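Asker: The structure is given below, and queries will be raised subsequently.
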DNA sequence: ATCTCTGCAAAGGCTTTGCACATAG
DNA sequence: CTATGTGCAAAGCCTTTGCAGAGAT
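Residue numbers (our numbering), protein chains in the order written: chain A, 1 to 126; chain B, 1 to 126.
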């Protein structure tokens, strides 16, 4: 049976508080504010468990280790700023993706990652 | 100055022959048919060099190590079969991606990864 | 002959695992 | 009390690097 522990609480709180994709290291750092002796292995174990329960999902940027994010009801895509390396969540979804695949393929999911410059990096003065 | 070696030839041939994203391991295995003593480090070095020359580019599937593919002139997207793990190249490109980002963001690139079942896996009999 | 490239093995990241102790139920 | 969860350290991937020798020019 699954137990409720201080560590898991802290980890889940971090995902809840930051509403964006976080790396295991970021999670560790933040969760340690509440649970100082927390170990990285526990973070990985918690992430894996939450992911397989479908409560967390991975967001990957080409060439980087995955970051994880709370699944909310909605489906969205991301924008990766090439300058500050932050990932932003976008509203809305592309349509007409069906026309990209030849006959016979069955689309069950899709991911879209936009990249470029975020407003802050685009306009550094002010 | 850059030298022409049997190893690099073999590696480039592999990318040319398979017209799809390949992992370093796959490249090693195939290139060794022609250059048996080829080492994995050499494959990585060649990939890195070709990538920074802009002749090869990385394709990443969430949670997997990157695969690399020859850059041809055109831009395309991919379909990842959840059953056989193969990656297929797609023709065409989504449009209207601009509407996904709020004002102030500058889109410089995008990646789309569709997933599901390829024709072969969808219809295993025959 | 020179200077780059290669193979090998060692070293580096990130992630997972083994194990004894801690602790929720 | 008992079985799951945790921290630590070790082990496992994948990728990069150091180095001496091989090979292209």
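Where is the CB? At the ideal position from N, CA and C, for every residue including glycine. Source: prediction; values computed, not measured.
My guess is that residue 70/B and residue 56/B are in contact by the Cβ rule of under 8 Å, so how many angstroms apart are they, rounded?
Answerer: Within the second chain, residue 70/B is the residue found at index 70, counting from 1. Within the second chain, residue 56/B is the residue found at index 56, counting from 1. About 6 Å; that satisfies the 8 Å criterion.
Asker: Residues of the stretch 104-125 of chain A in Cβ contact with chain B at a cutoff of 7 Å, in chain order, please.
Answerer: Taking 7 Å as the Cβ-Cβ cut-off against chain B, the residues of the stretch 104-125 of chain A that qualify are 104, 105, 106, 107, 108, 109, 110, 111, 112, 113, 114, 115, 116, 117, 118, 119, 122.
Asker: Identify, in the order they occur along the chain, each residue of the same chain with its Cβ nearer than 6 Å to the Cβ of residue 38/A, setting aside the five sequence neighbours on each side.
Answerer: For the purposes of this step, residue 38/A is taken as the residue at position 38 of the first chain. Excluding residues within five positions, the ones whose Cβ falls inside 6 Å are 7, 31, 32.
Asker: With distances taken between CB atoms, is the gap from residue 120/A to residue 110/A smaller than 9 Å?
Answerer: On the first chain, residue 120/A is found 120 positions in, with the first residue counted as 1. On the first chain, residue 110/A is found 110 positions in, with the first residue counted as 1. No, they are not a contact pair.
Asker: Does DSSP put residue 2/A in a helix, in a strand, or in coil?
Answerer: Taking the first residue of the first chain as position 1, residue 2/A is located at position 2. DSSP places residue 2/A in coil when its eight states are reduced to three.
Asker: Classify residue 22/A: buried if its beta carbon has 16 or more other beta carbons within 10 angstroms, exposed otherwise.
Answerer: Translated into the one-based positions of the first chain, residue 22/A becomes position 22. With 16 or more other Cβ atoms within 10 Å, it is buried.
Asker: Any beta carbon from chain B within less than 9 Å of residue 88/A's own beta carbon?
Answerer: Within the first chain, the letter at position 88 stands for residue 88/A. Yes, residue 88/A counts as interfacial toward chain B.
Asker: DSSP has residue 179/B in a bridge; who is on the other side?
Answerer: With chain B represented from 1 up to 126, any question about residue 179/B goes unanswered, as that position is not in the structure.
Asker: Between which residues of its own chain and residue 11/A is the CB-CB distance below 7 Å, once the five residues before and five after are set aside?
Answerer: Taking the first chain and counting its residues from 1, the one referred to as residue 11/A is at position 11. Cβ within range, chain order: 27, 31, 43, 46.
Asker: Flag residue 41/A as yes when its Cβ comes closer than 8 Å to any non-hydrogen atom of the ligand MG, and as no otherwise.
Answerer: Only the bare structure without any ligand can be found here, which leaves the ligand MG out of the picture.
Asker: CA-CA distance, residue 50/B and residue 101/B?
Answerer: For this step, residue 50/B is matched to residue 50 along the second chain. For this step, residue 101/B is matched to residue 101 along the second chain. Rounded to the nearest angstrom, the two C-alpha atoms are 32 Å apart.
Asker: Given a cut-off of 9 Å, decide if residue 92/A and residue 77/A are closer than it, judged by their beta-carbon atoms.
Answerer: Here residue 77/A is taken as the residue at index 77 of the first chain, counted from 1. Here residue 92/A is taken as the residue at index 92 of the first chain, counted from 1. Contact flag set, yes.
Asker: Does the beta-carbon distance from residue 97/B to residue 114/A come in below 9 Å?
Answerer: Along the second chain, one-based indexing puts residue 97/B at 97. Along the first chain, one-based indexing puts residue 114/A at 114. A contact, by the Cβ cut-off of 9 Å.
Asker: Whose CA, out of 17/B, 41/B, 105/B, 2/B, lies closest to the CA of residue 123/A?
Answerer: Here residue 123/A corresponds to residue number 123 of the first chain, with the count starting at 1. Nearest of 17/B, 41/B, 105/B, 2/B to residue 123/A, Cα basis: 105/B.
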